[in-house]
Structures are given as C-alpha cells and as structure tokens.
Amino acid sequence: MHLKWDEFFVTGDPLILGAQISIALTSIAIVFVLTYFKKWKWLWKEWLTSVDHKKLGIMYILAAVIMFFRGGVDGLMMRAQLALPNNTFLDSNHYNEIFTTHGTIMILFMAMPFLIGLINVVVPLQIGARDVAFPYLNNLSFWTFMVGAMLFNISFVIGGSPSAGWTSYMPLAGNDFSPGPGQNYYLLGLQIAGIGTLMTGINFMVTILKMRTKGMTLMRMPMFTWTTLITSVIIVFAFPVLTVALALMTFDRLFGSAFFTLEAGGMPMLWANLFWIWGHPEVYIVILPAFGIFSEIFATFSRKQLFGYKAMVVSIVAISVLSFLVWVHHFFTMGNSAAVNSFFSITTMAISVPTGVKIFNWLFTMYRGRISFTSPMLWALGFIPNFVIGGVTGVMLAMAAADYQYHNTYFLVSHFHYVLIAGTVFACFAGLVFWYPKMFGYKLNERIGKWFFWVFMIGFNICFFPQYFLGLQGMPRRIYTYGPEDGWTALNFISTIGAFMMGVGFIILCYNIYYSWRHAKREVSGDSWGEGRTLDWATSSAIPPHYNFAALPEVTTPDAFHHWKQNNVDVHPEKEFKKIHMPHNSGRPLIMSAFFGLGAFGLVFEWYWIGVIGLIGVFATMILRSFEYDDGYYIPVEEVIETEKKNKEAQK
Amino acid sequence: MIFLFRAIKPMLLLAMLVSVFVLGGCSNIAVLDPKGPVAAQQKDLILLSIGFMLFIVGAVFVLFTIILVKYRERKDVGNASYNPEIHGNTLLEVVWTVIPILIVAALSVPTVKTIYSLEEAPQATSHKDPLVVYATAVDWKWIFSYPEENIETVNYLNIPKDQPVLFKITSADTMASLWIPQLGGEKYAMAGMEMEQYLQADQVGTYEGRNANFTGEGFAQQKFKVNAMTQSDYDKWVSKTKKEAPKLTKKTYDYLMLPDAADVQTFSSTHLSFAKHGEDSEYALQARKRLGYKSVSPHSKTDPFENVKNYKRKLDNE
Chain A
30 MHLKWDEFFV
40 TGDPLILGAQ
50 ISIALTSIAI
60 VFVLTYFKKW
70 KWLWKEWLTS
80 VDHKKLGIMY
90 ILAAVIMFFR
100 GGVDGLMMRA
110 QLALPNNTFL
120 DSNHYNEIFT
130 THGTIMILFM
140 AMPFLIGLIN
150 VVVPLQIGAR
160 DVAFPYLNNL
170 SFWTFMVGAM
180 LFNISFVIGG
190 SPSAGWTSYM
200 PLAGNDFSPG
210 PGQNYYLLGL
220 QIAGIGTLMT
230 GINFMVTILK
240 MRTKGMTLMR
250 MPMFTWTTLI
260 TSVIIVFAFP
270 VLTVALALMT
280 FDRLFGSAFF
290 TLEAGGMPML
300 WANLFWIWGH
310 PEVYIVILPA
320 FGIFSEIFAT
330 FSRKQLFGYK
340 AMVVSIVAIS
350 VLSFLVWVHH
360 FFTMGNSAAV
370 NSFFSITTMA
380 ISVPTGVKIF
390 NWLFTMYRGR
400 ISFTSPMLWA
410 LGFIPNFVIG
420 GVTGVMLAMA
430 AADYQYHNTY
440 FLVSHFHYVL
450 IAGTVFACFA
460 GLVFWYPKMF
470 GYKLNERIGK
480 WFFWVFMIGF
490 NICFFPQYFL
500 GLQGMPRRIY
510 TYGPEDGWTA
520 LNFISTIGAF
530 MMGVGFIILC
540 YNIYYSWRHA
550 KREVSGDSWG
560 EGRTLDWATS
570 SAIPPHYNFA
580 ALPEVTTPDA
590 FHHWKQNNVD
600 VHPEKEFKKI
610 HMPHNSGRPL
620 IMSAFFGLGA
630 FGLVFEWYWI
640 GVIGLIGVFA
650 TMILRSFEYD
660 DGYYIPVEEV
670 IETEKKNKEA
680 QK
Chain B
1098 MIFLFRAIKP
1108 MLLLAMLVSV
1118 FVLGGCSNIA
1128 VLDPKGPVAA
1138 QQKDLILLSI
1148 GFMLFIVGAV
1158 FVLFTIILVK
1168 YRERKDVGNA
1178 SYNPEIHGNT
1188 LLEVVWTVIP
1198 ILIVAALSVP
1208 TVKTIYSLEE
1218 APQATSHKDP
1228 LVVYATAVDW
1238 KWIFSYPEEN
1248 IETVNYLNIP
1258 KDQPVLFKIT
1268 SADTMASLWI
1278 PQLGGEKYAM
1288 AGMEMEQYLQ
1298 ADQVGTYEGR
1308 NANFTGEGFA
1318 QQKFKVNAMT
1328 QSDYDKWVSK
1338 TKKEAPKLTK
1348 KTYDYLMLPD
1358 AADVQTFSST
1368 HLSFAKHGED
1378 SEYALQARKR
1388 LGYKSVSPHS
1398 KTDPFENVKN
1408 YKRKLDNE
C-alpha cells in the first residue's frame, strides 16, 4: 500500500473534524490536569502499574464505560441516519464504518471488559483469595486489551475505520474490496486485545481452580464464580480460533497469501466458519457472567438462597458445551445441505432448554422470598421479561426454514439486541450498581438509579421492539438508507426515539456517578447492602483492604457469609495475624503493550520497519521478564493488625 | 398498588406496542404476505412458531407478575410466606426441563420437514419443468440469465406465474444473498460456486427483490423488481426481447463487472458462454484489471474510476 501523507488523517467530514478537535482538546486537558495537580506519580504507582485485581477491575470498567459512550454515539448516529427515508446525515461509506465499529466496540471493547472488570473485582473476593493466580499477567491482560481497543478506536480519525461489518466476511474484507488501513486496524486491534482476553481466561480458570479458600468446594462456590469458571473455559477453547483466523486474514491482506481470497483458490466460506466457531461461544462468554451476576442479585434481594443451585450449575455447563455446536446457524442460507441445517436447527433450539431452566430457577428464587426493589434488583427483574422476548425470537431464528426469511434482517438485529442488552448490558449495570460500594466505598444514589433504569429500559423497548416488525417487512440490516416507498418510515422513526431515550439514560448514569461521589454516605461496613450472602461482602471494610482478607476465611456452607451472620459467628475475630505475602507492581506490562501497539500501528499502514521495532520491543520486555527474580514482598504483621483494628473501630 | 403497577408496566408497554404495530402495520408485513408456495410454507412455519412463543412468553410473564406481587416486601402485613430455606424442588425442576424439551421437539419436526421440502420444487407444480434462471450478484447489481430463452436482464426479473423457477445463484465478487421476501427466503450468492433454489409466484404482480447480505458501499441500492406475469405475457416478452434487445458483448459485460450501480438493461444473449462465475471466482477481478479500475481506500483522494474513464474516452474518440 502506498499511503500518501495527506491521506494519513481522515479529512472532508465535519463530524470527524469535530471528533479530531475534541480528542486533541481532551488529551491536552488530561495532561494539564495531571501535571497541575501533580498526579502523574500517583497515577503511575497506584493505578497503571498496579497488579491489584480490584484496581485492575475498576480500570477495566472505566474503559468499558468510555467504550459504551463511543459505541453508543455510533449507534445514535446510525439511528439518526435511519430516522427518515433518503436521509443524507451520513453517506454510505461513513455509515458502513460506523456500524462496523459499533458492533466490534460494543462486543469486544464494552461488554467483555465490563464483565471482566466485574469478575476482577468480585471473583477473588468470592473465593476468599488475596489476588488472582497470576497478578502480573492480569496487568498485562488489561494493557493488551487497552492497547488493542485504542488502536481500533483511533482508526476513524487516522486512516479510516474498517467498513466490512464486525463479522468482516471475506472476500469483502479482503484487499480487493476493502483496500486501505481500515480492515488492518480491525485485524490487529482484535488480535492484541484477544491475547489479553485469552490470558484473562487462563488466569481466572487457574485462580478459581487453585486459589479457593479452605472449605470452598466447587459446589459451595457462588454462582457468579461458577459462571466465571465456565466462561474462562470457553475463552480458552474459543479465542485461539479467533487468533488463528485473524492471523490468516492478516497474512492475506499484508503478505499476499490466499486463505480466504477469491484469487488463487482461497475459500471465503472458511472465514465465516472460523469466525463463528469463535463468535458463537463469544456470545456465551458475554452472557454467562451476566447470568452469574443476576443469580447473586436475585438471591440477595429476595433474601433467599438460589433456587436449584445444582440445576443452575448443570445448565451453565450444558450451555457451554452446546455453544460450540451451533455456529452454523449464523449462515443457514449459505447453501448447506438439508441435513446440516436440520442438525444445527435442533442443537440451537436445544440451548433454550438449559436457559429455560435458569429462568424458572430465578423466578423460584423469588418465590416465598421478600423481594426488595433496589436498583440492582430492578435491572435483574427487567432482565427476565426482556430476555425472554429475546430468547423466544432466538428459537424462531433457530428454525432454519423460517430463518431463510429472517436472515440478515432487522428481525435478527432486534433479537440479538434483546439478548445482549437485556442480558449483558442490564447485568453490567446491575453489577456496577451492586458492587459499586465494594469498589468506591459508597452506593450510587438509589432514586437517580431508578430513573436511569426506567428511562433506559423503556427506551430500549421503544428502540428495538419495532425492529422485529421492520425485519418482517423486509428491511435488511446494514443498509444506510431506504426510500419512502418501502413503508418503513414510521417504525424507524419510533425506533430512533427509543435509541435517544437510552442515550438520556446513560447521561442519568453519568450524573448519578457525579452526584453520588459528591453526596453519598460513605459506607463503613463491608456488607453495604446489609443482605450480602457471599464472601465478597465479608471484608472488614467497604473497600476491601489491599490484601482482601487479613486471615483467609474458612467456609463450611454455601452462602458462607449469610450463614455466619445467621449463626452469630464473628466474621472478623481477633486472630493471630501473620505477615501477608503480596506481589509487586510492575510497569513492564504497560511498556510491552505499548510496543505491541506501536508495531501493530506500523503494520496497519504497512510500514514494516515500525512493525519490526515493535516486535523487538515486545521480545525485549519478554526476555527481561524471564530473567527477573521478583518474589514479591510481605505486608508486616503490625500493618495488618493496625488496619484491621481501624476497620473494626470504624464500624462501631 | 404502586408495586403492582411497576411489575406489570413493562408488559403493559409491550402490549400497547404490539397492538399498535400489529393493527397499524399488518398490511405491509411482506414475509407474512406470501405470493408463492415457498414463502407460504415459511409463513406457516413462522406463524406456528409465533403461536408457541406467545404461549411461552405469556406463561413466564404471568408467573413473573404473580411472584413479584405476592412476594414483594411488605411492611404493613409482614411476610408470613417468607421461607429462606427453600433450596430447590426436584419435581418442579424436572417439569420445567421436560416441557421445553417437548416444545423443542414439537418445533423440530415441522422445521426439519420444511427444510427438506424447500430443497425440492413446490409440490403443486412439480409436474412442470422449472424455468431455469441464473442469478448473478455483482457489486452492486443483479444479473439474470435465461439460458433456454437466451436472454439476459440486469436489475429486473420477469417470470411466468404458476411455474417453479429454479435459480442457480452465484456471485462475480463479494458474498451476496438473493432475497425476494414475498416469494421466499434467502440464499447466498458466492463466487466460484453455484447454489440452487426454487421459488415460485402464484399471482401476477410486481415484487421487491434485493441483495440482503452486506456487500459494501452500494449495498442499499442492490435491488431489483420481480414481475410475475401470465404465461402468455411472459412468452410475448421473451419473443419481443429476442427480436429487439441488443446482444451482450464481452466488452459490455466487462463494464457490468465494475463495482457500481447499474440501470435496468436487457440483452438477447447471455454471459454464460464466456463467463462462468460458478467455476471461475476471478472473472470480475480480471475484468476490472482489463478496464484499469483501481481499488483504493474510500478515504483516498484517488478516483478508482480514473483510468476507466480515460479508457472510455479514448474508445469514444476512436
């Protein structure tokens, strides 16, 4: 590729010019504030180099909220363009870039890090551990994710965004049809972020299997920990497929190989298969932790233990197995034989069985409970009817012969938003509100939080429910405009109104974060909701001490913390504390990831010398790490005693 | 009371939305307004599934509402029914495992039957020989070739009613999808292979057809009209076209291979003799090379058609 220098920045669009200016101004403002308040050292020592799972979790969630904003603006621009027929707000290419980045960002850079953030904060606490199994790796996971996300995000101002859809079907995504840096951004951004996700999967699999506190048998684990374990297993099996597929397409685009091309006997269908062999398990990677979050919330605010714990475990395992056996349903129309389509129809419908079991178990968790309508509970309650609508339309889509009529239409678009928003996004918000005191030491305002729920949830239905009908009326997805004669105007307009209501909901959330930071009562107890059941609420202070538990707890029942409270067991007895072994912070993962980013940026523009520099940097930091002897450090016993004493006094 | 209202609010909202859309929009729901036996079979399956789904949604919503209302925390009357010790109920759990399995089984049977039946020509007209039409997707247009009649059309399709049409679907470049909602569901068009699909119109009329799979910049315009006519009208059109329409030359066809929208066109010969997209996935790319088309980034200031235009100008001058 011979990129001309005057084509380095994207020009000629006032929207993008505005974005470029605001990005520059925001960057300058951040640098100024950090310098003025002398916060650089604090930022570096306390956050960027931290290996503390709680801080990494918070950074993941912060990144996810920012990405939610970015992806959300993409979504609103799409809805603005489609509100009226023959609209000229966006041109075709701009619209194509926006729906591509919307999909990719929302799945990979919003949903995934949001859930991984909550997992990071909560799961080590739930199993009574002091940190994850590989804290250094955890920091590296975060930074590779962050660099991948940032690389992908700058594409729209530098060089141009990918425009072949988040599925990037070949041959469209190949050099012949999508030349330029856009698609390279997709390949390299996802590749780097994917490495981070894979490491997270390994990390939490090992953490949950090896780091559980005494007495925490597998069948005593909280449901969120269970879903995290199964999710990690899915990640470890599915992400290598994505890594390989992305690498092959990168070879096709940069080095002239012919895995998926039209020329030289490439096989475009192979991409679709590889993509969805990763892509469908990916859907369950973002839904299973959501199920875990809802399970915790239903139990907590019904003041009852989870109904049918064993069945819940069996059903998530069943879902994880089935998730690898359904990928063909993403392309029933690709000319598969009747036998193949029949097989995948049935396996897909079969997923509704364990999912249905879970729905009924949640309902019966509330049966004969005492349901309090806190804002996390509202999200969990909103999840059930909305997710069921998404679920049953999923069964409709699973019926291949009928799917021929829904495929690639707004019926499908509506379906996956119903499951991903009502499932994953509601869970992210629920989890954020639920564990907010665990992260920041105070609750979000409940009143504003309920406004947020109702505005967002109603807006969501107004936005997506009409889209089922648009699909049946023959509106295909990914068209940037339509004519008045198509008869889709009214429903599209209604849908756009709903989308903007969701936007208002997000603003209410942001205001709530600000308002609560200023005004909320600071919590002193680790059990902020007063109804905590699992070990994450058993910490000696609202924000757990750096080492989580001064003495690792020993559990004898499921819902251990609830059990202790019931039986008046002293949760934080005066113990003979010992010094605590903790890992050191490290700046190297950040530096290594920066080299990843630099090299990938070079490859995006096919400036191979930059790619080589990046690669050398990556290997150099890796080699340095290999020769490093760092056994961590000990928190002296006096400090532990001091902290625990302070926490205990604060609660009196 | 306020809790009751809150609990049923989402359902009220949904019910309102459903009634507004169903009553207001029923007339133009293309998929549920079939004009041929293939789409009709799919409609039956869709309606059957909607019935099942409404039943499931109804059951869950009712249960959800009852539980929310009954077991909400009440300060005034206390919570006599509160029982935190319930951990499960084997019988109930078996019931709500078995019922979904039965529903899935009940839906699987008609699904599989329909999948197999759509592979064949529609039963009612299976005694007739199908009309064979090659449907070729090119960025961003559709080319239809009638090998028996030796006719080729661009961006429109004429078919006789009550006769099965056997489409042989392929693509010259990107992956597209042939979709005529009122006649039947989609099938992908892919370069280097040929897919078969039967469709049929039972009524005279004009139907919308389009590409439903994203193919890039001109995707939204990749549409065509399907004119279903009586056999005699169709025969008239065929003989008239054979007499009056120009022949399709290789050169003209090369221009059709460019990634661009195209007007409605008619020819009295087909490309099938010289371009076999079902076997040769590189034909369109080579045609573009011949014409000097340059594939560039959408943000590039280079005009990809620059050389094509110059070439054309040179031809015109000669």
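Sequence lines, in order, name chains A and B. For the working numbering, add 29 to where a residue sits in the first sequence, where the first one is 1. For the working numbering, add 1097 to where a residue sits in the second sequence, where the first one is 1. All C-beta atoms, glycine included, are put in the ideal place defined by N, C-alpha and C.
Open item on the list: Within 8 angstroms of any Cβ in chain A, is that where the Cβ of B:Arg1169 sits?
Closed with: yes
Open item on the list: Against A:Asp205, what residues of chain B qualify as contacts under a CB-to-CB distance less than 8 angstroms, listed in chain order?
Closed with: Asp1270, Leu1382, Ser1392
TODO: Return helix, strand or coil for A:His601, following the three-state DSSP convention.
DONE: coil
TODO: Over the uninterrupted alpha helix (DSSP H) stretch that includes A:Ser524, give me the two end residues.
DONE: 518-548
TODO: At 4 residues or longer, and completely inside the stretch 349-418 of chain A: list those alpha helix (DSSP H) runs for me, N to C.
DONE: 367-379, 381-395
Task: As assigned by DSSP and simplified to three states, the class of B:Ile1277 - done: strand
TODO: Count the other C-beta atoms from every protein chain shown that fall within 10 angstroms of the C-beta of B:Leu1120, then say buried if there are 16 or more, exposed otherwise.
DONE: No answer about B:Leu1120 holds up, because its pLDDT of 49 lies below 50 and its placement is not dependable.
Task: Cβ-Cβ distance between A:Asn167 and A:His82 below 8 angstroms - done: yes
Task: B:Asn1404 versus B:Glu1291 - alpha carbon distance - done: 32 angstroms
Open item on the list: Need the endpoints of the beta strand (DSSP E) that B:Lys1386 sits in, please.
Closed with: Here B:Lys1386 belongs to no beta strand (DSSP E); instead the alpha helix (DSSP H) covers 1380-1388.
Open item on the list: Which residue marks the beginning of the beta strand (DSSP E) containing B:Arg1491, and which one marks its end?
Closed with: The question about residue 1491 of chain B has no answer, for chain B in this structure spans 1098 to 1415.
Open item on the list: Using beta carbons (cut-off 8 angstroms, strictly below), is B:Leu1120 in contact with chain A?
Closed with: Caution applies to B:Leu1120, whose pLDDT of 49 falls short of 50 and renders its modelled position unreliable; the value that the coordinates give is listed next. No - not a single Cβ of chain A is within 8 angstroms of the one on B:Leu1120.
Open item on the list: Less than 6 angstroms between C-beta atoms, sequence neighbours within five positions excluded: which residues of the same chain meet that for A:Gly527?
Closed with: Gly488, Ile491, Cys492
Open item on the list: Quick check: A:Val357 and A:Phe336, are their CB atoms within less than 8 angstroms of each other?
Closed with: no
- [ ] Quick one: grab the DSSP three-state call for B:Ile1266.
- [x] strand
TODO: Take A:Trp172 and list the residues in its own chain whose beta-carbon comes closer than 7 angstroms to its own, dropping the five residues that flank it on each side.
DONE: Pro618, Leu619, Ser622
Open item on the list: Just to confirm the assignment, what range does the alpha helix (DSSP H) spanning A:Ser56 have?
Closed with: 43-65
Task: Backbone CA spacing between A:Val641 and A:Gly628 [nearest angstrom] - done: 7 angstroms
TODO: Output yes if chain A places a C-beta closer than 8 angstroms to the C-beta of B:Ala1317; else output no.
DONE: yes
Task: Classification of B:Lys1140 by the beta-carbon crowding that lies within 10 angstroms, buried from 16 upward - done: buried
Open item on the list: So, under 8 angstroms CB-CB, A:Leu473 and A:Val462 are touching, yes? Tell me the CB distance rounded to an integer number of Å.
Closed with: 5 angstroms
TODO: Could you tell me which residues DSSP pairs with B:Lys1320 in its beta bridges?
DONE: B:Arg1307
Open item on the list: Please give me, in chain order, every unbroken run of the beta strand (DSSP E) with length at least 3 that falls completely inside the stretch 1170-1254 of chain B.
Closed with: 1228-1235, 1238-1243, 1248-1251
Task: Neighbour flag for A:Pro310 against chain B, beta carbons, 8 angstroms - done: no
Open item on the list: Does chain A have any CB closer than 8 angstroms to the CB of B:Ala1234?
Closed with: no
Task: Cutoff 8 angstroms: A:Leu46 Cβ touching any chain B Cβ - done: no
Open item on the list: So B:Gln1297 and B:Gln1260 are supposed to be a Cβ contact under 8 angstroms. How far apart are they, rounded?
Closed with: 7 angstroms
Task: In chain order, each alpha helix (DSSP H) run of at least 4 residues that lies wholly inside the stretch 1332-1382 of chain B - done: 1347-1353
Task: the stretch 383-398 of chain A contacting the stretch 1126-1134 of chain B, beta-carbon criterion three pairs below 8 angstroms - done: no
Open item on the list: With a threshold of 7 angstroms on Cβ separation, who are the neighbours of A:Val424 within its own chain once the five nearest residues in sequence on each side are excluded?
Closed with: Met378, Ser381
Open item on the list: Considering only the alpha carbon of each residue, which of A:Leu303, A:Leu258, A:Trp255 lies closest to A:Met278?
Closed with: A:Leu303
Open item on the list: For chain B, check one thing: does any of its Cβ atoms lie closer than 8 angstroms to the Cβ of A:Glu603?
Closed with: no
Task: chain A contact for B:Pro1257 (CB, 8 angstroms cutoff) - done: no
Task: Under the three-state DSSP convention, the category A:Gly294 falls into - done: helix
Open item on the list: Let me confirm a value: A:Ala340 is counted as buried when at least 16 other C-beta atoms fall within 10 Å, else exposed. Which label applies?
Closed with: buried
- [ ] Would you tell me roughly how many angstroms separate the C-alpha atoms of B:Gly1122 and B:Lys1344, rounded to the nearest one?
- [x] Because the pLDDT of B:Gly1122 is 49, which lies under 50, any placement of that residue in the model is unreliable, and the question is left without a value.
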